[in-house]
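Colleague: Below are the structure tokens for one structure; questions will follow.
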Amino acid sequence: MMSLGPIGFVVPWLLLALPALPLIWWLLRVTPPAPRRQAFPALRLLRDLPAAEETPARTPWWLLLLRLAAAALIILGLARPVWAPGGGGAQGEGPLLLVVDDGWASGADWAARMAAAQAALDGAARDGRRVALLATAPAQADGTPPTPTALMPAEALRARLTALRPKPWAPDRAAALSGLALWRQANPGGFTSLYIADGVEHQAEGPASSASGFSALARTLAEAGPLTLAEAPAHAARVLLPPRAEPERLHLALRQTPAPLAGEVAVLARTGDGRALARATIPVAAGASAGEATLDLPLEIRNQITRLEIEGEDSAAAAVLLDERFRRRPVGMIGPAEQGGNTPLLGPLYYLERALALSAELRQGSVAQLLARQLSVLVLADRPVAEGQERAALTRWVEQGGTLLRFAGPRLAENPDPLLPVRLRAGERQLGGALSWEKPQGLAPFAESSPFAGLAVPAEVAVSTQVLAEPGPQLSDRTWARLADGTPLVTAVTRGAGRIVLFHVTANADWSDLPLSGLFIGMLQRVVALSSGVAGAEGEAPLAPLETMDGFGRLGPAPGGAGAILASRFAATAPGPRHPPGWYGLPGEGGERRALNLSASLPAPRPLAAPPPGTVRQAIGGVPAERDLGPWLLAAALVLLAVDLLLSLAQRGLLGRGARLAALLPLLWLATPAQAQEAGLPLATRIGYVTTGDTAVDEVVRQGLTGLSDYVNRRTAAALAEPLAVRPGQDDLSFLPLLYWAVTGESPDPDAGALAALNEFMRNGGIILFDTRDEGSGEGFSPGAREALRRITRGLAIPPLTPVAPEHVLTRSFYLLPPDLPGRFAGGQVWVSRQEDRANDSVTPVIIGGHDWAGAWAVDARGQNPYAVIPGGARQRTLAYRFGVNLVMYALTGNYKGDQVHVPAILERLGN
Amino acid sequence: MASPVAAPLAALRATALGSRLPPLVVAAERVAATVMQGVHGRRRAGQGDAFWQFRPYASGDALARIDWRQSAKSDRLYVRETEWEAAQSVALWRDAGPGMSWRGGADRPEKRERADLLLLALASLLLRGGERVRLLGERRAWAGRGALASLAEALPRHTPPPADDAIPRHARAVLLGDFLAPLEETRAQVAALAARGVRGHVLQVLDPAEETLPYAGRVRFEGVGAVAEPALLLPRVEGIRALYAERLAAHRAGLAAIAGAAGWSFATHRTDTPPEAALLALWQALAPAG
């Protein structure tokens, strides 16, 4: 190898070709470029023109320079220049043993360590030496001690070195020493060794440490041959201890190997999804090995923190996981009905979720499901507690310390139960309204004795309806909040170790503005804070590893060798290959999680003892890695040649305009590609239809909905755009009020994504019209459609159905219609959900029938109706269109016209 | 060149004969319409349809020519005279040689395309003026406005040299082409027509590239057309640009001299300029002096 400053050449004799460059210069100069060809009619006039100057055609100087540069780059590249050769250390003869500390202390600067190891490997590869690798941290969960690999060529070892990762536990140098002894029996003879050490003495302090720790290992290596010790002296190994929790703050503590300079260590508090919520700095004095700080955080914020970590230090010991002991209270919620509680802006749970999501862990389910787990607060929103097992279980839970938070509502007002702080009068009290002189009432300021004391009462909160308590001697004591006129708004009573709290209004905005105000959040947080905390479930249950950390402190799926820990022995378990640090818990959704932290079991880190005399010391990092420059030079030469090709083509006029643009295309990559957006879709109201896969049917439906949209636009104030074909699960349904689904015998089953999308669509107020196209007079037109309908709707949340009644809103939302609702066919039955279901304002989420309405509405390109109605008549077509208008109005306005149904009765009553 | 025009024409004719004018003719009509306004008719009494004047009855006039309505207004008899509408035969010709099917850049039409357009536009004007239009070398003559479509149909097939034995004496002729052939050829053709008493107009249609020679560097010039002339390799085209311009000017002067000697007029037209100007110049050259 020849060296030239920091660059060495592996094949230096190729540089002899450089003097040949002037020859290329000369050759390029004497060869003119090829002429461009040009057709020209006035050729006759050009002929025999005396040539004004006979200068030879020349290659332009810049093109010449370009080609010379390319040739020079090729010669240099083939000579294989190497940047900074020999930086890897551990020079010498004979085999090389790479010893790498891959414990927790190596994670922070792992890349630099690997670079040092790779550099040594590169050097060994160039010199043709054989290499073995010894990683000192135990890797196997079964307790196999770390052993060196067999001696192998450097290239073969490279893959192993690349696969090496730091372990989230301490290295075991004593075990490595015994493994090394075994290896030396198989490979007698001397060897050079490079020890990439993490700079931490991992053994606990004591007399045994010098015999089994770093000193012993280094001594053994130095006896076998020259030893190079690679260290990162400037880098202190740091351990972040689990914090001590106090109200409103966390106490942080840090241990580290002494650093020569004073400094600050930043600690980040992160949420479960990785957002950093807070940052604290721990000052560490020069030469000190410990530091402390506090992290001041409000409870709501602290509850979200699941992880503390030292900023910029990727190591398992620098990250601490915070489990339930540091976390928020679990709150269960049950709405008035199984369905509809979560409806945006309408359902009570919608408001509760938004009010409590920040400060509590929310769960939903049935009473039995919720009480089966630890729970501090259970919210019942307008849900009476049925007598029997449920009431008994709730009573027992409250007496054991649970807080039962209840909200009033129409159902509770009708049938109050004993699980209330006060006795209620039957029915609700209306304040204000069309037929009342009273005005909606505001809130009185909270009394000093109330748990809500100190919360500001906004003036705009008004209560228009509430349930009233029977007056009694204890009513005043049990009242936490009052209206301005003195009637109780929130009452509470202590039962056993627990408490029952009642808000005399609903949890949604039906009865009062309270859920819309910030006061609501404050009141709920006070109630939750009053509740008792939760204790971890102790027992003999094995806690399986859910997520474990790697050596960089990153969470990931548990490795195969990781085993479960008995809950009772969890506190005493030290992390190791069998139990990596991370989250442990009962498998399954929402189970309790316990955090196993590495730092809890580590001794305070101490610096290494001095290595044996004669050891070469080398610093990790800062040494530029050896780099092969050849491929880069050759690539640059290729680019230059490509440019040259384009330029020559352009000179000869062979490059069209398109090709020139294509040459500029790479520049366009620099520009950020704009996201194509489906603009305009939400800007217009349109009816959607589900594609069936049968083109003919889809076309009929498309024509039908186009015809209906035109009809609606002509007759009503609604403005519908072109209908839209959708595939549930793939397209966004949220902008469509109505989905038309023509069911055929061959309709495919919707997949899970489609089912979820359709259920979500119906839950948020969308309407799906299923049309089997074979009812009444159309019997037999679409064989197999009814079976297909059953198949399709199996996974959908279809409510109980009833035939369309004569007074159903669908029959009078625009036109007054008879309830048989004919389409192309007539005489069948049309089904909607029962009126009694109050979810979604009694608007049915599905309409099921088989009258092939789309066929009746269809209008072809010439504006005619291509499909005859059966049995027939203009009246049937008109009725079909009118049903379509009613349907669209129903989808757009809901039960708005439902009130009008009662107008005759109201008029009659007023007349009397 | 024949096929791109003939094919759409044939297709159009097959589908809707006579219902619409072919696009080329439409373009020609559009250009012609802009010229019509400045040009007027014969301004003399004679054979025709349009009313010209009343004049007192003179003996010898046919009784049928008396305008009784006018005569009833006074004691005298009046004869209704119409404007003279004499039809003149105009022979048109455009060069269909391979050199015409060429353009120096994508932003302008081929020379032949432009020549066709000018010819049809001129024919449209003439037909509208009631003149008879011939293609030089064709037996048939066209008259009447509807004849334009038929003329456009015949045009792509029309490729003879500019000579016609059957041309009426004292007819007019209009020759369109690049006239890059040796001057002697052109002189012979014009002289042959002038010998029959035909007066006319020569319009040289050139591509701008043929005037300015915008090429540079080392260029191999090749002839256009099937009978290829030997190619010409020029090492530095920019060096001979001035010489070429000189030679082109001399050629033009020669053409003007040929036309002048025969009593004809001569003009040039570049394909990157609008066709209306050339058409107006043609029309005015053809319009009667008085």
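Each protein sequence line maps, in turn, to chains A and B.
Counted the way the numbering used here counts, the first sequence spans residues 1 to 912.
Counted the way the numbering used here counts, the second sequence spans residues 1001 to 1290.
Heads up, the beta-carbon is just placed ideally off N, CA and C, and yes, glycines get one too.
The structure presented is a predicted model; accordingly, all values stated were derived computationally and were not measured.
Would you call the CB atoms of W60/A and I7/A closer than 7 Å?
Modeller: Start at 1 with the first residue of the first sequence, and residue 60/A comes out as number 60. Start at 1 with the first residue of the first sequence, and residue 7/A comes out as number 7. According to the sequence provided, residue 60/A is Pro. The question's Trp does not apply to it. No, the pair does not count as a contact, with Cβ atoms beyond the cut-off.
Colleague: Around the Cβ of W853/A, are there at least 16 other Cβ atoms within 10 angstroms (buried) or fewer (exposed)?
Modeller: The count along the first sequence starts at 1 and reaches residue 853/A at position 853. Answer is buried; the Cβ neighbour count reaches 16.
Colleague: Can you tell me where the alpha helix (DSSP H) holding E1185/B begins and where it ends?
Modeller: Residue mapping note: residue 1185/B aligns to position 185 of the second sequence, counting from 1. That run of the alpha helix (DSSP H) goes L1183 to A1195.
Colleague: Can you tell me which of Y195/A, T487/A, E699/A and A492/A puts its alpha carbon nearest to the alpha carbon of A116/A?
Modeller: As a position in the first sequence, residue 116/A is number 116, starting the count at 1. Here the closest residue by C-alpha is Y195/A.
Colleague: Return the Cβ separation of E353/A and L362/A in integer angstroms, given the expectation that the two are a contact with Cβ distance under 8 Å.
Modeller: Stepping through the first sequence from its first residue, residue 353/A is reached at position 353. Stepping through the first sequence from its first residue, residue 362/A is reached at position 362. The Cβ separation is near 6 Å, so the contact holds.
Colleague: Near N597/A, what residues of its chain come up, given a Cβ to Cβ distance below 7 Å and the 5 sequence neighbours on each side ignored?
Modeller: The residue given as residue 597/A occupies position 597 in the first sequence. Excluding positions up to five away in sequence, the list reads P242, V320, L321 and P581.
Colleague: Which residue comes first and which comes last in the beta strand (DSSP E) that contains P226/A?
Modeller: Residue numbering aside, residue 226/A sits at position 226 when the first sequence is read from its first letter. That residue, P226/A, is in no beta strand (DSSP E); it is neither H nor E in DSSP.
Colleague: Counting contacts by CB-CB distance shorter than 7 Å, is F1051/B in contact with chain A?
Modeller: Within the second sequence, numbered from 1, the residue matching residue 1051/B stands at position 51. No, no contact with chain A.
Colleague: Relative to the C-alpha of G704/A, which residue among A276/A, P728/A and V885/A is closest?
Modeller: Walking along the first sequence from the start, residue 704/A turns up at place 704. Among A276/A, P728/A and V885/A, the Cα nearest to that of G704/A belongs to V885/A.
Colleague: Do the segment 301-314 of chain A and the segment 99-112 of chain A touch if we need at least three Cβ pairs shorter than 8 Å?
Modeller: With a cut-off of 8 Å, the segment 99-112 of chain A and the segment 301-314 of chain A count as touching, because enough Cβ pairs lie within range.
Colleague: Following the continuous beta strand (DSSP E) through D771/A, name the residue where it begins and the one where it ends.
Modeller: Working through the first sequence from its first residue, we reach residue 771/A at position 771. It spans I767 to D771 - the beta strand (DSSP E) in which D771/A sits, taken as one unbroken run.
Colleague: So if I threshold CB-CB distances at 9 Å, which residues from the segment 35-46 of chain A count as touching chain B?
Modeller: For the segment 35-46 of chain A, which is checked against every Cβ of chain B, the residues closer than 9 Å are P35, R36, R37, Q38, A39, F40, P41, A42, L43, R44, L45 and L46.
Colleague: Report buried or exposed for I848/A, applying the criterion of at least 16 other Cβ atoms within 10 angstroms of its Cβ.
Modeller: Position 848 of the first sequence, counting from 1, holds the residue named residue 848/A. By the 10 Å Cβ count, I848/A comes out buried.
Colleague: Can you look up I1240/B in the DSSP assignment and give me helix, strand or coil?
Modeller: The residue you call residue 1240/B lines up with position 240 of the second sequence. In the structure shown, I1240/B sits in a helix (DSSP, three-state: H, G or I).
Colleague: Name the chain A residues whose beta carbon is nearer than 8 Å to that of R1220/B?
Modeller: Indexing the second sequence from 1 puts residue 1220/B at position 220. Going along chain A in sequence order, the residues near R1220/B (Cβ under 8 Å) are P35, R36, R37 and Q38.
Colleague: Just list the residues that DSSP pairs W281/A with in beta bridges.
Modeller: By one-based count along the first sequence, residue 281/A stands at place 281. What sits at residue 281/A in the sequence shown is Thr, not Trp. In the DSSP output, where bridge partners are listed per residue, T281/A has A266/A.
Colleague: Got a sec? Which residues, its chain only, sit under 7 Å from D1067/B by beta carbon, not counting five neighbours each side?
Modeller: Locating residue 1067/B in the second sequence gives position 67, counting from the first residue. Hits under 7 Å: F1054, Y1078, V1079 and R1080.
Colleague: What residues in the segment 1164-1176 of chain B have a beta carbon less than 9 Å from any beta carbon of chain A?
Modeller: If the cut-off is 9 Å between Cβ atoms, the segment 1164-1176 of chain B has nothing near chain A.
Colleague: From what residue to what residue does the alpha helix (DSSP H) around W437/A run?
Modeller: For the purposes of this step, residue 437/A is taken as residue 437 along the first sequence, with counting starting at 1. It is not in any alpha helix (DSSP H) - W437/A carries neither H nor E in the DSSP assignment.
Colleague: Under the DSSP definition of a beta bridge, which residues are partnered with H251/A?
Modeller: Within the first sequence, the letter at position 251 stands for residue 251/A. R244/A and T294/A.
Colleague: Note down, in chain order, each residue of its chain lying with its Cβ closer than 7 Å to the Cβ of G263/A, except the 5 sequence neighbours on either side.
Modeller: Within the first sequence, residue 263/A is the residue found at index 263, counting from 1. The answer, listed in chain order, is V284.
Colleague: From which residue to which residue does the beta strand (DSSP E) around I798/A run?
Modeller: Mapped onto the first sequence, residue 798/A falls at position 798. Taken as a continuous stretch (DSSP letters only), I798/A belongs to no beta strand (DSSP E), as it is neither H nor E.
Colleague: Could you pull out every residue in the same chain whose Cβ sits closer than 6 Å to the Cβ of D1095/B, ignoring the five residues on either side in sequence?
Modeller: Counting from one through the second sequence, the residue named residue 1095/B turns up at place 95. So the list reads G1177, once near-sequence residues are dropped.
Colleague: Residue range of the alpha helix (DSSP H) that L77/A falls in?
Modeller: Against the first sequence, residue 77/A aligns to sequence position 77. Strictly speaking, residue 77/A in this sequence is Gly, with Leu absent from that position. Per DSSP, G77/A belongs to the alpha helix (DSSP H) from W61 to L78.
Colleague: What residue from G332/A, R44/A and H202/A has the CA that sits closest to L1248/B's CA?
Modeller: Translated into positions along the second sequence, residue 1248/B becomes position 248. Ranking G332/A, R44/A and H202/A by Cα distance to L1248/B puts R44/A first.
Colleague: Specify, as a first and last residue, the run of the beta strand (DSSP E) that E722/A falls within.
Modeller: Walking along the first sequence from the start, residue 722/A turns up at place 722. From DSSP, E722/A is part of no beta strand (DSSP E); its letter is neither H nor E.
Colleague: Nearest to G123/A by CA position, among R158/A, A141/A and A111/A, is which residue?
Modeller: Here residue 123/A is taken as the residue at index 123 of the first sequence, counted from 1. Considering only alpha carbons, the answer is R158/A.
Colleague: Taking 6 Å as the limit between beta carbons, can you name the residues of its chain near A574/A, skipping five residues before and five after?
Modeller: Looking up residue 574/A in the first sequence gives position 574. Answer for A574/A: S601, listed in chain order.
Colleague: Counting only beta-carbon separations shorter than 7 Å, does E1229/B have a partner in chain A?
Modeller: Looking up residue 1229/B in the second sequence gives position 229. E1229/B counts as touching chain A.
Colleague: Taking the alpha-carbon of I75/A as reference, which of A120/A, E448/A, L412/A and P631/A has the nearest alpha-carbon?
Modeller: Within the first sequence, the letter at position 75 stands for residue 75/A. Looking at the Cα atoms, P631/A is the closest of the given residues.
Colleague: Quick one: is V1224/B near chain A, going by C-beta distance under 7 Å?
Modeller: Working through the second sequence from its first residue, we reach residue 1224/B at position 224. Yes, contact with chain A.
Colleague: Where does R482/A land, buried or exposed, given buried means 16+ other C-beta within 10 angstroms?
Modeller: The residue given as residue 482/A occupies position 482 in the first sequence. Flag for R482/A reads buried.
Colleague: Cα separation between V1133/B and L1127/B?
Modeller: To locate residue 1133/B, count along the second sequence from 1; it is residue 133. To locate residue 1127/B, count along the second sequence from 1; it is residue 127. Approximately 7 Å, taken between the alpha carbons.
Colleague: Using a threshold of 7 Å, state whether the C-beta atoms of A269/A and L277/A are closer than that.
Modeller: Position 269 of the first sequence, counting from 1, holds the residue named residue 269/A. Position 277 of the first sequence, counting from 1, holds the residue named residue 277/A. Closer than 7 Å, so yes.
Colleague: Tell me which same chain residues have a C-beta within less than 8 Å of the C-beta of N713/A, skipping the five on either side of it?
Modeller: The residue labelled residue 713/A in the question sits at position 713 within the first sequence. The answer, listed in chain order, is A719 and L720.
Colleague: Of all Cβ atoms in chain B, is any one closer than 7 Å to the Cβ of L16/A?
Modeller: Position 16 of the first sequence, counted from the start, is the residue given in the question as residue 16/A. By this cut-off, L16/A is not an interface position.
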